[in-house]
Amino acid sequence: MIVREDKEIIRDLAKQVAEIAELPVMEERRCMWKQHNQLKRVRPMILVFPEGSWRELLPQSVLQCQGEAARGIEWELRWRIYQHEYIHDDSVIEKKWVVSKAITTTDWGLQPKHRPSSQDTGSWGFIPVINDYSDLKKLKFPEVRYDEKETMHRLEEAQDLFGNILDVQLKGIAHISFHLMDIYCELRGLEQVMWDMYDDPGMLHEAMAFLEEGHRRLVQQYMDLNLFSLNNDETYHSSGGVGYTDELPKPDYDPERIRPCDMWASAESQEMAQVSPQQHYEFVMQYEKRLLEPFGLNGYGCCEDLTNKLDYVFTIPHIRRISISPFADVDKCAEKLGDKYIFSWKPKPSYLVGNFDTDFIKEYIKHTLDVTKGCVIEMILKDTHTCDNHPERFTQWTNIAQELAKEY
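Quick note: the sequence shown uses this note's numbering, first residue 133, plus one each step.
In structure tokens:
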């Protein structure tokens, strides 16, 4: 229950969001994203995701609401306003509030275990729970559960809170992304998976086949329960990008029952960054391909360097967005991708910390724009876990990128 004082704060912020959403520039950006996603080069598109740095940009101390639920809503509204006022990227602020359907999914039969870090934001270590072949028998296929009563309760609360200020929309499963190797490494341990490719490839293949079948069953359950929602809007896609497109849904779609062919989907396997292209394909991509095939448009990759693996990536059905990570060779990738796929470039986020050299950043971005003149490129600044408590650096970085983008 949100108290009256908190409601007033939230509604005032919602009005500010609504005003931003109605600015002409938002419609201009929607149109550009649609053209961009259809492989029509308008100009290099830019998205900035502060991620871990949000605690430095919008710390909890700025929140005025008292209730925990109200503070969560307040924070989401404030970040939209902050994004518009201080981060001048191509984000589209929509005049809507999305209510997520109450969907839960059971686990894979085993719970990952970690060795915690001594630092608050430090990395943890794996404690494998799959230690030999017999442990594979402990895996179970996940089951999807939908709580319609809770869903309607959430919808009514949001409608009461926002009234006609924001368009309250109900959404089910809209972000589809497959992470098979991530799931298995959580259970087996990353180092051991590397050994398994040589010592016990059969066990690794059996695990991947099980995960593929489990995800296929998840997709089928979403369809049976009618839980899919369109993602041809501002919905985040793959490892960076948004879904605006007129290519989806398919012309024969039923708005009351969305199918995989009406949606974007994606997959990635960052754990395979250090293996050969052949091993990457053999041990995970071939399984991912089959899962992606039913979907209308697909993306692939995240932080793994795909420079030498692109020929395999190109074989993924309906592939449209390909992640070019901070570790990739942009020159080689540009030559390979051309204008046939979205060149989803991830600049190095580390340049936001330490000595923030604007001249260096300008030359760094300029080089990529020079070699991708024949590509459909987007710049996705993400994995920004800190900005050294210099929020203004996001504004400066984005302004540099926008100035250069206009030149190209």
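Each residue gets a CB set at the ideal place from its N, CA and C atoms; glycine is no exception.
Distance between residue j and residue i (C-alpha atoms, nearest Å)
i, j, result
"N169", "Q192", "36 Å"
"Y432", "S309", "9 Å"
"Y376", "D520", "33 Å"
"E282", "P383", "33 Å"
"K303", "M158", "22 Å"
"R136", "L513", "38 Å"
"K233", "L293", "17 Å"
"K468", "P156", "36 Å"
"L438", "V325", "20 Å"
"S408", "G257", "24 Å"
"Q301", "Y354", "19 Å"
"M335", "M329", "9 Å"
"L484", "G184", "13 Å"
"P458", "E160", "29 Å"
"H412", "E140", "53 Å"
"K227", "L319", "41 Å"
"P176", "E495", "16 Å"
"L195", "R203", "7 Å"
Of the residues the options, the one placed nearest residue i, counting alpha carbons only
i, options, result
"K441", "C465, P458 and E420", "C465"
"I493", "A533, S398 and H337", "A533"
"K505", "A537, A153 and D299", "A537"
"W229", "E160, Q167, R143 and C435", "R143"
"T447", "V462, S457 and Y419", "Y419"
"A290", "A146, K172 and E495", "A146"
"R162", "W186, D279, I141 and D221", "D221"
"R522", "S249, E188 and Q410", "Residue identity check: residue 522 is His in the sequence provided, not Arg. If we check each option's Cα against that of H522, E188 comes out closest."
"D378", "M164, E151 and V149", "M164"
"L190", "Y218, I509, T500 and H337", "Y218"
"V508", "S482, T236 and I456", "I456"
"H499", "N487, T237 and V462", "V462"
Alpha helix (DSSP H) segment containing residue i, residue limits
i, result
"Q148", "R136 to A153"
"V503", "T490 to V503"
"K166", "P156 to N169"
"Y413", "It is not in any alpha helix (DSSP H) - Y413 carries neither H nor E in the DSSP assignment."
"G204", "E200 to Y218"
"A466", "V462 to L469"
"L189", "W186 to L189"
"F294", "E280 to F294"
"V445", "L442 to V445"
Outcome for residue i when other beta-carbon atoms lying within 10 angstroms are tallied against a minimum of 16
i, result
"A341", "exposed"
"Q406", "exposed"
"Y540", "exposed"
"G428", "buried"
"M395", "buried"
"R452", "buried"
"R247", "exposed"
"Q198", "exposed"
"W477", "buried"
"W102", "An answer regarding residue 102 cannot be provided, because it is not within the stretch 133 to 540 covered by the chain."
"Q215", "buried"
"N430", "buried"
"D515", "buried"
"Q424", "The displayed chain sequence assigns Leu, not Gln, to residue 424. So L424 ends up on the buried side."
"A201", "exposed"
N-terminal and C-terminal residue of the beta strand (DSSP E) that residue i is part of
i, result
"V77", "Residue coverage of the chain in this structure runs from 133 to 540, which leaves residue 77 outside it and unanswerable."
"F342", "Per DSSP, F342 belongs to no beta strand (DSSP E); it is in the alpha helix (DSSP H), P333 to D356."
"L536", "It is not in any beta strand (DSSP E) - L536 instead sits in the alpha helix (DSSP H) that spans E524 to E539."
"D553", "The question about residue 553 has no answer, for the chain in this structure spans 133 to 540."
"Y432", "L429 to Y432"
"I235", "I235 to T237"
Closer than 8 Å: residue i CB and nearest the ligand ATP heavy atom
i, result
"K166", "Absence of the ligand ATP is noted for the structure shown, with no ligands found whatsoever."
Would you call the segment 202-216 and the segment 332-347 in contact, with 3 or more CB pairs under 8 Å?
-> no
Hey, is the segment 299-313 in contact with the segment 364-376, meaning 3+ C-beta pairs nearer than 8 Å?
-> yes
Using 8 Å as the Cβ pair cut-off and three pairs as the minimum, do the segment 261-274 and the segment 225-244 touch?
-> yes
Would you call the segment 399-411 and the segment 249-266 touching, i.e. three or more CB-CB distances under 8 Å?
-> no
Would you say the segment 355-366 touches the segment 283-291, given that touching needs at least three Cβ pairs under 8 Å?
-> no
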